[in-house]
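A short write-up of the structure that comes next.
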Amino acid sequence: MRYNTYENYTKITAISDFNLKKTFECGQCFRWNVDENGVYTGVAFGKAAKIWTEGTSICISGREDDFLSYWRDYFDLDRDYSAIRESLCVDNYMRKATTFGAGIRILRQNKWEALCSFIISQCNNIPRIKGIVEALCREFGEPIEFDGKIYYSFPGSDTIAKLTPEQLAPIRSGFRASYIVGAAKAIEEGYLDMDALAEGSYESALKALKKLKGVGDKVANCVILFGLNMLNAFPVDVWMKRTISEHYDKSFTPDVFGEYAGIAQQYMFYYARSGQEEIGA
DNA sequence: AAACAGGCCTAAA
DNA sequence: TTTAGGCCTGTT
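This is how it looks when you write it as structure tokens:
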């Protein structure tokens, strides 16, 4: 990866495996939106940015220190995804899935935001998840003026912990409201230390997260993968169940993919969701 | 209109 | 330990 910094943006050159559409639309995040010119705008860790493709380069608005302090890490730019993809080609199906999904990168999202977002995701579809998350930010986040518009940060767990589920009514999250407040309180009251979880083992993180009401195996694994950035976490939802049963037998375990099983999961999920699977099968 | 959507909880075998 | 039914809400 190389980059050049200009007055108000950074241009990333010589990078493989970075496709904006695949990265933002593979289902791992909910706050990036594309306009008619293919420019994505979003907010992460309280900073708004625009990001777009120019030929084989990718540009991110902002100054060099923002790029170096935040975006480089957020987009996991120093990881060699093409080598990982190759290592995941354990069979013909994975060769197809990784080829199809080449360009996906796993974002290093804020831990609390990932927890809250994936609590919201349960039994929901993506448009509604995005709607609830945006409402949460609009109602309780901090306004950020950027490019002539107002965006909102994701509210901190300290803010949400002070609310009652009833006060979350405007975001229309339904039965998830009490889960959201409960998770925020667990953090603020010291029962859950997500920074510490990130330093510990996968098993201990899973156990700690599942103690929260509204967090089961699937949500916990999403949080571990996208929030704690443990790339062996392997969330299994209805789509993954389907695709696993179609391509593997009962003895399947994510261990066959090794330490990057979570990335394998994301390729499988994206491939399954695309509907391309059956076509070439 | 009834079923479903990227689960989870609780109660009951 | 596994399994059904219910859950907020919005969309089809």
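Residues in the first sequence are numbered consecutively from 443, following the working numbering.
Glycine included, each C-beta is placed from N, C-alpha and C at the ideal position.
In the three-state reduction of the DSSP assignment, N446 falls in the strand class.
CA-CA distance, G642 to L670, rounds to 10 Å. Spatial neighbours of G484 in its own chain (CB-CB distance under 6 Å, excluding positions within 5 residues in sequence) are listed in chain order as R473, W474. Between L510 and Y482, the C-beta gap is not smaller than 8 Å, which leaves the two residues out of contact. About 15 Å separates the Cβ atoms of I454 and L549, ruling out a contact at the 8 Å cut-off.
Here N450 is near R505, since their CB atoms are less than 8 Å apart.
In terms of Cα proximity to K464, the closest of K591, I546, F588 is I546. In this structure, the straight-line span from the alpha carbon of F596 to that of A706 is close to 28 Å. For F466, the closest alpha carbon among the candidates R684, Y448, Q708 is that of Q708. About 23 Å separates the beta carbon of W554 from that of I493, a gap too long to meet the 8 Å contact definition. According to the DSSP assignment, G484 belongs to the beta strand (DSSP E) that extends over 482 to 486. E701 places its beta carbon 8 Å or farther from that of L667.
Spanning the alpha carbons of V678 and L634 requires a straight line of approximately 23 Å. Between the beta-carbon of I574 and that of I602 there is about 13 Å, and that puts the pair past the 8 Å contact cut. Using a C-beta cut-off of 8 Å, the segment 652 to 664 makes contact with the segment 619 to 627, since at least three inter-stretch Cβ pairs fall below that distance. Using a Cβ distance threshold of 8 Å, E581 and G488 do not count as a contacting pair.
Boundaries of the alpha helix (DSSP H) around A603: 599 to 603.
In this chain, the beta strand (DSSP E) harbouring Y594 covers 591 to 594. Cβ-Cβ separation between A650 and N663: approximately 13 Å, too far for a contact (criterion under 8 Å).
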